[in-house]
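Engineer: Please find one structure pasted underneath; my questions will follow.
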Amino acid sequence: MDLEFQLSRTHLPVAGIYRHAHEMPDRPALVAGDTVISYGELLHRVRAAAARLAAAGVGRGDRVALVAGNAAEFAVVPYAANLLGAIIVPVNFRLAAGEIAYILSNCEPAVVVTDAERAEVTRTALADASGAEPAGASGAGSGSTEDGASATRDSAPVLLDLLEVAAPDPDGTLPAPDPVICALEDDQAIMYTSGTTGRPKGAVLSYSNFLATTMRSSASWQYVPGEDAVLVASPMFHIAAFNVMTTNIANGATSVITPSTGFDAGHLLDVMAEHGVTRTFMVPAQWQLIVDEQRRSPRAVDLRFYSWGAAPATEALLTAMGETFPQASSQAAFGQTETTASGVSLSHEDSLRKLGSVGLPDRNYAIRVVDAQMNDVAPGEVGEIVYRGPGVMSRFWNNEAATAEAFAGGWFHSGDLVRQDEEGFLYVVDRVKDMIISGGENIYCAELENVIAWHPKVAEVAVVGRADEKWGEVPVAMIVPKSDDEAPTLEEIRDFCDGKLARYKLPKDVVVKDAFPRSGTGKIQKTVLRDEV
Numbered sequence: 388m389d390l391e392f393q394l395s396r397t398h399l400p401v402a403g404i405y406r407h408a409h410e411m412p413d414r415p416a417l418v419a420g421d422t423v424i425s426y427g428e429l430l431h432r433v434r435a436a437a438a439r440l441a442a443a444g445v446g447r448g449d450r451v452a453l454v455a456g457n458a459a460e461f462a463v464v465p466y467a468a469n470l471l472g473a474i475i476v477p478v479n480f481r482l483a484a485g486e487i488a489y490i491l492s493n494c495e496p497a498v499v500v501t502d503a504e505r506a507e508v509t510r511t512a513l514a515d516a517s518g519a520e521p522a523g524a525s526g527a528g529s530g531s532t533e534d535g536a537s538a539t540r541d542s543a544p545v546l547l548d549l550l551e552v553a554a555p556d557p558d559g560t561l562p563a564p565d566p567v568i569c570a571l572e573d574d575q576a577i578m579y580t581s582g583t584t585g586r587p588k589g590a591v592l593s594y595s596n597f598l599a600t601t602m603r604s605s606a607s608w609q610y611v612p613g614e615d616a617v618l619v620a621s622p623m624f625h626i627a628a629f630n631v632m633t634t635n636i637a638n639g640a641t642s643v644i645t646p647s648t649g650f651d652a653g654h655l656l657d658v659m660a661e662h663g664v665t666r667t668f669m670v671p672a673q674w675q676l677i678v679d680e681q682r683r684s685p686r687a688v689d690l691r692f693y694s695w696g697a698a699p700a701t702e703a704l705l706t707a708m709g710e711t712f713p714q715a716s717s718q719a720a721f722g723q724t725e726t727t728a729s730g731v732s733l734s735h736e737d738s739l740r741k742l743g744s745v746g747l748p749d750r751n752y753a754i755r756v757v758d759a760q761m762n763d764v765a766p767g768e769v770g771e772i773v774y775r776g777p778g779v780m781s782r783f784w785n786n787e788a789a790t791a792e793a794f795a796g797g798w799f800h801s802g803d804l805v806r807q808d809e810e811g812f813l814y815v816v817d818r819v820k821d822m823i824i825s826g827g828e829n830i831y832c833a834e835l836e837n838v839i840a841w842h843p844k845v846a847e848v849a850v851v852g853r854a855d856e857k858w859g860e861v862p863v864a865m866i867v868p869k870s871d872d873e874a875p876t877l878e879e880i881r882d883f884c885d886g887k888l889a890r891y892k893l894p895k896d897v898v899v900k901d902a903f904p905r906s907g908t909g910k911i912q913k914t915v916l917r918d919e920v
């Protein structure tokens with residue numbers, strides 16, 4: 388172990404596992420239902436999984452796609468792939484077969500690992516992507532070239548079962564693979580965007596990107612190494628939960644993993660109480676359900692830190708979170724897949740006086756707020772936030788045009804419209820693609836949503852634009868009412884907003900919904916809502 392530990396210190400993702408397996412082998416690393424994997428066992432499983440991937444033909448630079456729901460075994464595969472110098476590609480398992488097929492054809496994996504629940508859709512996707520049935524493990528060959536970049540494969544990828552790949556090696560018969568030492572700028576993962584405006588794009592994230600985010604999160608989340616239990620409740624294929632998992636392991640924390648489907652706030656709170664969860668991240672839609680359930684039936688939860696991100700949260704929700712967990716500090720995290728989920732954050736102290744802000748640039752990040760010509764806008768004016776920093780991706784995989792567009796002017800364009808106050812704090816106004824132009828005036832959907840969310844009859848709200856012959860576009864408020872109230876009328880919503888917003892911004896129609904369509908990461912699918920109106 389000592390020699391292995393010394394040899395692996397410079398292999399960033401796996402180094403923490405070697406260390407914790409050496410210093411605290413019996414500490415739980417992963418807990419998911421009845422499955423408990425200690426740090427000692429995690430190292431054993433990662434090495435065994437790496438041996439199985441290598442036997443299936445995986446080498447340095449190859450892609451390993453992972454189509455699976457939340458599970459302890461999920462965490463094993465990325466470390467096993469990176470131990471071989473391969474690139475992990477977590478895939479949104481909620482996508483249809485055709486959508487998964489596009490991702491697989493774009494990244495050309497050597498191996499696809501899936502769980503039993505997604506095996507059928509994955510096999511269909513593989514057949515669509517390659518035009519052939521996926522090969523068995525014995526039929527694969529390495530797709531690596533001498534310079535470490537994977538060549539286009541002339542055979543179908545190997546399809547492997549997650550539980551078999553991540554299983555232990557009780558007999559010790561698998562050959563122990565040597566860790567491949569990768570440079571900081573080498574590719575560690577390809578994380579595909581949600582594709583809300585077209586085909587998903589694969590953000591290529593390096594070892595340096597993840598290291599920068601791990602260091603930032605370790606400090607801002609105030610981890611106590613070797614002591615924390617951290618809830619992983621969001622889908623692990625998403626950059627936010629993936630980062631939580633990797634930061635947990637770097638800090639020797641216990642990752643308490645819950646299912647990625649059928650979100651149950653009561654069950655989640657029970658799990659938090661049972662396992663002494665101290666820290667967690669959730670998207671706003673999940674926090675709303677947690678807050679409502681904790682108010683109805685309080686549990687003895689020892690939450691010391693909570694974070695939110697991946698979608699805008701209303702001021703009403705942020706206030707409710709602070710009232711429900713007054714003993715915990717908090718952080719609003721604002722970023723995206725292309726910035727390794729980092730970029731801007733709001734500290735607990737600042738949130739008391741800057742409610743509604745997403746905060747200040749994270750350490751080692753530079754931002755600008757610019758107009759369409761890349762000119763800086765004045766404080767208080769709306770512009771697009773652009774980034775530079777160690778967490779910003781290198782490129783989109785196999786998509787030079789999208790990469791050039793994203794880095795026009797030498798900065799990464801986020802697509803987020805913000806305004807900055809005199810102290811530098813940033814406030815999200817809208818997404819560029821969600822802005823409504825009505826009669827020549829810009830209307831920001833998020834601004835309306837932030838006001839309407841305070842209406843006592845409103846549980847959730849999403850504002851979208853509808854084509855209009857006279858004005859070009861008009862805002863429509865789509866509302867999920869609180870269960871014990873009648874839905875608010877258009878007149879009630881307009882009266883509530885009058886005086887808080889300019890009259891030209893007020894919604895011209897109200898559409899009542901039982902629930903909103905959501906992506907695999909919990910984001911409201913506004914493209915679907917726009918189609919409805």
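Residues in the sequence shown are numbered consecutively from 388, following the numbering used here.
Every residue gets a Cβ at the ideal spot worked out from N, C-alpha and C, and that includes glycine.
Out of Arg686, Ala874, Asn785, Ser781, point me to the one whose CA is closest to Trp798's CA.
Structural biologist: Locating residue 798 in the sequence shown gives position 411, counting from the first residue. When only C-alpha atoms are compared, the closest one is Ser781.
Engineer: Cutting at 7 Å between CB atoms, please list the residues of its own chain near Ser801, excluding the five before and the five after it.
Structural biologist: Residue numbering aside, residue 801 sits at position 414 when the sequence shown is read from its first letter. The answer, listed in chain order, is Gln723, Glu771, Ile772, Val773, Tyr774.
Engineer: Strictly by DSSP, which residues pair up with Gly780?
Structural biologist: Looking up residue 780 in the sequence shown gives position 393. The amino acid occupying residue 780 in the given sequence is Met; Gly does not appear at that position. Paired residues: none, contrary to the question.
Engineer: Looking at the secondary structure, which residues open and close the alpha helix (DSSP H) in which Arg586 lies?
Structural biologist: Position 199 of the sequence shown holds residue 586. Arg586 -> no alpha helix (DSSP H), and no H or E assigned at all.
Engineer: Helix, strand or coil: how does DSSP classify Thr667 here?
Structural biologist: Here residue 667 refers to the residue found at position 280 when the sequence shown is read from its first residue. Thr667: strand per DSSP, three-state reduction.
Engineer: Quick one: is Gln714 buried, meaning 16 or more other Cβ sit within 10 Å of its Cβ, or exposed?
Structural biologist: Here residue 714 corresponds to residue number 327 of the sequence shown, with the count starting at 1. Gln714 is exposed by the Cβ-count criterion.
Engineer: Which residues bound the beta strand (DSSP E) around Ser825?
Structural biologist: Taking the sequence shown and counting its residues from 1, one reaches residue 825 at position 438. First-last of the beta strand (DSSP E) with Ser825: 823 to 825.
Engineer: What are the residues that DSSP puts in a beta bridge with Thr706?
Structural biologist: Position 319 of the sequence shown, counted from the start, is the residue given in the question as residue 706. DSSP, once it has assigned bridges, lists no residue as partnering Thr706.
Engineer: Classify Thr726: buried if its beta carbon has 16 or more other beta carbons within 10 angstroms, exposed otherwise.
Structural biologist: Taking the sequence shown and counting its residues from 1, the one referred to as residue 726 is at position 339. Buried is the call here.
Engineer: Among Ala590, Ala637, Lys913, which residue has its Cα nearest to the Cα of Ala849?
Structural biologist: One-based indexing of the sequence shown puts residue 849 at position 462. Nearest C-alpha to Ala849: Lys913.
Engineer: Buried or exposed for Ser870, going by 16 or more other Cβ atoms inside 10 Å?
Structural biologist: Taking the first residue of the sequence shown as 1, we reach residue 870 at position 483. Burial call: exposed.
Engineer: If you drop the 5 nearest sequence neighbours on each side, which residues of the same chain put their C-beta closer than 6 Å to that of Asn785?
Structural biologist: Working through the sequence shown from its first residue, we reach residue 785 at position 398. Here the set comprises Asn493.
Engineer: Assign Ala791 to one of two classes, buried (16 or more other C-beta atoms within 10 Å of its C-beta) or exposed (fewer than that).
Structural biologist: Sequence index remark: in the sequence shown, residue 791 carries index 404 (1-based). Here Ala791 is exposed. Its C-beta has fewer than 16 other C-beta atoms within 10 Å.
Engineer: Decide yes or no for the touch test of the region 443 to 453 against the region 646 to 665: beta carbon pairs closer than 8 Å, at least 3 of them.
Structural biologist: no
Engineer: Helix, strand or coil, according to DSSP, for Gly403 in the structure here?
Structural biologist: Here residue 403 refers to the residue found at position 16 of the sequence shown. Correct three-state label for Gly403: helix.
Engineer: Whose C-alpha, out of Leu705, Arg432, Ser604, is nearest the C-alpha of Gly778?
Structural biologist: What you label residue 778 is simply residue 391 of the sequence shown in a count that begins at 1. Gly778 has its Cα closest to that of Ser604, out of Leu705, Arg432, Ser604.
Engineer: Just verifying my parser: in three-state terms, what is the DSSP assignment at Trp674?
Structural biologist: The sequence position of residue 674 within the sequence shown is 287, counting from 1. In this structure, Trp674 counts as helix in the three-state DSSP scheme.
Engineer: Under 7 Å Cβ to Cβ from Ala620, same chain only, skipping five residues before and after it: list those, please.
Structural biologist: Taking the sequence shown and counting its residues from 1, the one referred to as residue 620 is at position 233. In chain order, Thr645, Leu655, Thr667, Met669, Gln673 place their CB closer than 7 Å to the CB of Ala620, counting only its own chain and leaving out the 5 sequence neighbours on each side.
Engineer: Taking the alpha-carbon of Lys986 as reference, which of Glu768, Pro415, Glu486, Ser581 has the nearest alpha-carbon?
Structural biologist: Nothing in the structure corresponds to residue 986, since the chain is present only between 388 and 920.
Engineer: Could you check if Glu828 is buried or exposed, using at least 16 other CB atoms within 10 Å of its CB as the buried criterion?
Structural biologist: Taking the first residue of the sequence shown as 1, we reach residue 828 at position 441. Glu828 should be labelled exposed.
Engineer: Identify, in the order they occur along the chain, each residue of the same chain with its Cβ nearer than 7 Å to the Cβ of Asn635, setting aside the five sequence neighbours on each side.
Structural biologist: Locating residue 635 in the sequence shown gives position 248, where the first residue counts as 1. Correct list, in chain order: Val617, Ser642.
Engineer: From Lys900 to Ser717, what does the alpha carbon distance come to, in whole angstroms?
Structural biologist: By one-based count along the sequence shown, residue 900 stands at place 513. By one-based count along the sequence shown, residue 717 stands at place 330. So the two alpha carbons sit approximately 31 Å from each other.
Engineer: Should Ile490 and Tyr426 be called a contact, given that it needs their Cβ atoms to be closer than 8 Å?
Structural biologist: Taking the first residue of the sequence shown as 1, we reach residue 490 at position 103. Taking the first residue of the sequence shown as 1, we reach residue 426 at position 39. Their beta carbons are not under 8 Å apart, which means Ile490 does not touch Tyr426 by this criterion.
Engineer: Hey, which unbroken runs of the alpha helix (DSSP H) at 4 residues or more fall wholly within the region 800 to 865?
Structural biologist: Qualifying alpha helix (DSSP H) stretches, in chain order: 832 to 839.
Engineer: Can you tell which of Ala503, Gly696, Val418 has the C-alpha that lies nearest to the C-alpha of Ser729?
Structural biologist: Within the sequence shown, residue 729 is the residue found at index 342, counting from 1. Here the closest residue by C-alpha is Gly696.
Engineer: Return helix, strand or coil for Ala514, following the three-state DSSP convention.
Structural biologist: Start at 1 with the first residue of the sequence shown, and residue 514 comes out as number 127. Three-state DSSP puts Ala514 in a helix.
Engineer: What does a CB cutoff of less than 7 Å around Ala512 pick up in its chain, not counting 5 residues either side in sequence?
Structural biologist: One-based indexing of the sequence shown puts residue 512 at position 125. Contacts found: Ala484, Ile487, Ala488, Leu491.
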